[in-house]
Amino acid sequence: MKYLLAIALVLSPAVVSAEDSLPAARELYASAAYEEALAMLGRLNVNGLRQDEGRAADQYRALCLLALGKSSEASQAIEAVVTAEPAYRPSDGEVSPRVRAVFSDVRKRLLPGIVQQKYAQAKAAYDLKDYRAASQGFGQLLALFSDADLAGAASRPPLADLRMLADGFNQLSVQALAPPPAPAPPPVVVAKPVAPVVDPNRIYLSTDADVVAPATIRQVLPPFNRVIQKPIVGAMEVLIDETGKVVSATMRTPVEVSYDHQAVTAALSWRYRPATVNGAPVKFRKFIQVSLTPQ
Numbered sequence: 107m108k109y110l111l112a113i114a115l116v117l118s119p120a121v122v123s124a125e126d127s128l129p130a131a132r133e134l135y136a137s138a139a140y141e142e143a144l145a146m147l148g149r150l151n152v153n154g155l156r157q158d159e160g161r162a163a164d165q166y167r168a169l170c171l172l173a174l175g176k177s178s179e180a181s182q183a184i185e186a187v188v189t190a191e192p193a194y195r196p197s198d199g200e201v202s203p204r205v206r207a208v209f210s211d212v213r214k215r216l217l218p219g220i221v222q223q224k225y226a227q228a229k230a231a232y233d234l235k236d237y238r239a240a241s242q243g244f245g246q247l248l249a250l251f252s253d254a255d256l257a258g259a260a261s262r263p264p265l266a267d268l269r270m271l272a273d274g275f276n277q278l279s280v281q282a283l284a285p286p287p288a289p290a291p292p293p294v295v296v297a298k299p300v301a302p303v304v305d306p307n308r309i310y311l312s313t314d315a316d317v318v319a320p321a322t323i324r325q326v327l328p329p330f331n332r333v334i335q336k337p338i339v340g341a342m343e344v345l346i347d348e349t350g351k352v353v354s355a356t357m358r359t360p361v362e363v364s365y366d367h368q369a370v371t372a373a374l375s376w377r378y379r380p381a382t383v384n385g386a387p388v389k390f391r392k393f394i395q396v397s398l399t400p401q
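In the working numbering, the protein residues as written are 107 to 401.
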């Protein structure tokens, strides 16, 4: 009997470890065994879990901590979830309104900093000419700007400015990824040529189907002669008509008051080969980065 007891004591921890799993921890939480659920979650090898399982483990850890009244530790667990996946929020069916409110409070606190960090990462990818990574980063960032928990901060500087820049750099990244236009096909002789259907009042963008962006003939910014302490990045929007002439220019993200006026004035003299749709010239809205660097 003593030998049998010793063997049982040796095997017992292995059996308990084998039973440790996320579903088991979920069942413990559902049965209000919060301390046991926390202990099991602590024994799980988080590094061996898939991303969704790791997020679920952090979520149930937060739920258990909230149920036990350990608000500070619960907030830390929620922070781990939000930091790993900023767009994640628990659905109405997953958790109670009280827990959703705690998640929302943590997200409102963390998202402004996460947005600025993700903008810096996407902009660094753009500066390295990794336009695919930049486009993905700016696209995720723009999606995050529509989040209700970020609405208040997104409407004020500095996030309001970042949103404009993210949109502009996303356009530039997409344009940089676009393949060069295919060579014109050989002429086809038909009895009755059909004129392309083009809306003369529409202003096209680079993301529109079948549009060939305008080719630059002259696009030169004026020199900047003042001394600045740090780089300044702005954005200009120009409207190019069917003849390739710039009919309007607007600084969407200003860089410096006097230089903004010079840049806009210079833009009105720029010339392009007009954008086309099915070979017909069309109006086109183009986004241009304006950068000033210290000498």
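Where a beta carbon is used, it is the ideal one built from N, C-alpha and C, also for glycine. Just so it is clear, the structure is predicted and the values come from calculations on it, not from any experiment.
Assign residue i to buried or exposed, taking buried as 16 or more other Cβ atoms, counted over all protein chains shown, within 10 Å of its Cβ.
| i | result |
| --- | --- |
| proline 320 | buried |
| leucine 174 | exposed |
| tyrosine 140 | buried |
| arginine 213 | buried |
| proline 192 | buried |
| glycine 219 | exposed |
| lysine 392 | buried |
| threonine 356 | exposed |
| lysine 235 | exposed |
For residue i, which beta-bridge partners are listed by DSSP?
| i | result |
| --- | --- |
| isoleucine 309 | Lys389 |
| methionine 357 | Met342 |
| arginine 379 | Ala321 |
Excluding the 5 residues preceding and the 5 following residue i in the sequence, name in chain order all residues of the same chain whose CB lies nearer than 7 Å to its CB.
| i | result |
| --- | --- |
| lysine 351 | Arg377 |
| tyrosine 232 | Ala240, Phe275 and Ser279 |
| glutamate 348 | Pro380, Pro387, Val388 and Lys389 |
| alanine 260 | Phe251, Ala266 and Arg269 |
Roughly how many angstroms lie between the CA atoms of residue i and residue j, to the nearest whole one?
| i | j | result |
| --- | --- | --- |
| asparagine 276 | lysine 389 | 21 Å |
| aspartate 253 | glutamine 246 | 11 Å |
| valine 208 | cysteine 170 | 13 Å |
| arginine 262 | alanine 288 | 43 Å |
Between residue i and the rest of its own chain, which residues show a CB-CB distance below 8 Å, the 5 nearest in sequence each way excluded?
| i | result |
| --- | --- |
| proline 264 | Gln222 |
| arginine 206 | Arg195, Pro196 and Asp198 |
What is the DSSP secondary structure of residue i, counted as helix, strand or coil?
| i | result |
| --- | --- |
| tyrosine 194 | coil |
| alanine 114 | In this prediction, alanine 114 scores a pLDDT of 33, lower than 50, which makes its location untrustworthy; no coordinate-derived value is stated. |
| threonine 349 | coil |
| leucine 155 | coil |
| alanine 130 | helix |
| glycine 340 | strand |
| isoleucine 220 | helix |
May I ask whether a heavy atom of the ligand ADP can be found less than 7 Å away from the beta carbon of residue i?
| i | result |
| --- | --- |
| asparagine 307 | Ligands in the displayed structure: none, and consequently the ligand ADP is not present. |
Ignore the nearest five residues each way along the sequence and tell me which others in residue i's own chain have a CB closer than 6 Å to its CB.
| i | result |
| --- | --- |
| serine 123 | Low per-residue confidence applies at serine 123: pLDDT is 46, beneath 50, and the placement is therefore not dependable enough to give any value. |
| proline 400 | Ile334 |
| arginine 324 | Trp376 and Arg377 |
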